[in-house]
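Enquirer: Each residue of the sequence shown is one higher than the one before, counting from 3 in my numbering.
Positions of the beta carbon are idealized from the N, C-alpha and C atoms, including for glycine.
Shown below is the structure under consideration.
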Amino acid sequence: MSEKTKKIVTRFAPSPTGFMHVGGVRTALFSYLFAKKNKGSFILRIEDTDKKREVEGSIEHIIESLKWLKLNWDEGPDIGGPNGPYIQSKRLDTYKKFAQELYNKGLAYADPYTEEELESFRKKSEEQKKAFLYREYRPENPPAWDGTKPLRLKITNIKRYEWNDLVRGNLSAGPEALDDFVLMKSDGYPTYNFAHIIDDLEMGVTHIMRADEFISSTPKFLALYEGLGIKKPEFVTLPPIMGPDGKKKLGKRDGAKDFLEYEKEGYLPEAILNFLAFIGWSPKGEEEILTPKEFIDLFDISQIHISGGKFNEEKLDWINKEHIKRLPE
Ligand code: GLU
C-alpha cells in the first residue's frame, strides 16, 4: 500500500494500575474518533509490564468502562485480531526477540551495576551539580546479557533531536534528554519505553495519541526507532485536562473519579462523550450537543488545542440534560 492510502491505525494503551478516569477516557475517545473518521482501526492494548503497580480488577474495569461508552475497538485482548495478543504480558517472546537483535548488533548491553552502585553515581552527579546521565557511567566491558541483568539501549549518536507533533508543531530537545535507558528489566519484562514501540510497530499503529507527559521521553523513543531502523508513527499530543479553576491538572479532588461512577449517577454515555470531546478540541460551528456519529464526521486533528481544557461538572450536567431531552419518549 502506498504511503498515501495507508490505513489509519490508532490505539488506546492503558496500564492496569487503577480505575479508568477522565484523562484515559478522553485519550480513548480521540483515538477512536480519529480512527473511525478515517475508516481505520482502533486497537485496545493492555500495557501490564509493571507488575508492582498493577491493581487487580483494573483490566476488567477498563473494558467495562469502554463498553459502557460504546468506544468499541476493532482489535483487542478479548476479541483478538491479526497482530495479537493485545496484552503485553503475553508478548514477552516478541520483546525478547527484538532485544536480542539490538544486543547482537551492539546497540544494547547488559547493565552490570547494583542498586547501590547506581545510587553512588547519582550522588556523584548531584555533588557535581549536574543531572545524572547513566551513559556517563556506561561500563566499558559489560558482561554478556543472559536475561538476568537489565538490558540498556546504547545511545551512540548523542545529538539534538527535532520532531513534529501534529498538535504541538515542531519540537526539539538536546543531548541532555538522551540516555541509555532500560529496554528489558531483570524480571524478564520490558519497560514501557521499549514495549510500546515494538507493539506499535507490530500492530501497524500510524498515530499515537497520548498525554503531554511523554514529550520529555520522546528523544529516547526517537533514538530507539533509529536503532531499530524503523519509521516513527505520527505523534499527536493531547492537551492536559485542567481542574475547574484552570490552574492545575485535574486531580481526584476535582472530579477525576472512577468512570463507572457516572453510570451509577445516571449520566448517559453519549453525554459523557460529548462533554469530553469538547475538552481540548473544538469543531467548526456553534452546536454544543452532538452525537458520537456527528463527532466522528467532524473530528479533525488540526482543531485539537495545545493548551489545557477545563473540566467543569456543571457543563457536564447541562449536556447530560440536553441529551436526556432528546431521548425518544
Ligand atoms: N500505558 C501508558 C499509560 O497508561 C500509555 C501511554 C501511551 O499511550 O503510549 O500511561
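Would you check if the distance between the CB atom of residue 192 and the CB atom of residue 19 is smaller than 8 Å?
Expert: No.
Enquirer: Inspect the CB distances between the stretch 63-75 and the stretch 109-121 and report whether three or more fall short of 8 Å.
Expert: Taking 8 Å as the limit for Cβ pairs, the verdict is that the stretch 109-121 does not touch the stretch 63-75.
Enquirer: Please state whether DSSP places residue 34 in a helix, a strand or coil.
Expert: Of the three classes helix, strand and coil, the one that applies to residue 34 here is helix, per DSSP.
Enquirer: Span of the alpha helix (DSSP H) holding residue 199?
Expert: Element bounds for residue 199: 194-204.
Enquirer: Between residue 134 and residue 83, what straight-line distance do the alpha-carbon atoms span, to the nearest angstrom?
Expert: Rounded to the nearest angstrom, the two C-alpha atoms are 42 Å apart.
Enquirer: Alpha carbon to alpha carbon, how far is residue 196 from residue 225? Give it in angstroms, no decimals.
Expert: Distance between the alpha carbons of residue 225 and residue 196 is about 11 Å.
Enquirer: When the distance is taken between beta carbons, is residue 29 closer than 8 Å to residue 240?
Expert: Taking 8 Å as the Cβ cut-off, residue 240 and residue 29 qualify as a contacting pair.
Enquirer: Between which two residues does the alpha helix (DSSP H) carrying residue 95 extend?
Expert: Per DSSP, residue 95 belongs to the alpha helix (DSSP H) from 94-106.
Enquirer: Quick one: what does DSSP say residue 169 is sitting in, helix, strand or coil?
Expert: Three-state result, residue 169: coil.
Enquirer: What ranges does the alpha helix (DSSP H) occupy inside the stretch 248-295, keeping only unbroken runs of at least 4 residues that lie completely in it?
Expert: Listed in chain order, the complete alpha helix (DSSP H) runs (minimum 4 residues) inside the stretch 248-295 are 262-266 and 271-279.
Enquirer: Given the structure, does residue 216 come close to the ligand GLU, in the sense that its CB is under 7 Å from one of the ligand's heavy atoms?
Expert: Residue 216 Cβ: within cutoff of the ligand GLU.
Enquirer: Regarding residue 192 and the ligand ADP, is the C-beta to nearest heavy atom distance less than 7 Å?
Expert: The model on display carries the ligand GLU but not the ligand ADP.
Enquirer: Do residue 25 and residue 213 have their beta-carbon atoms positioned less than 8 Å apart in this structure?
Expert: Taking 8 Å as the Cβ cut-off, residue 213 and residue 25 qualify as a contacting pair.
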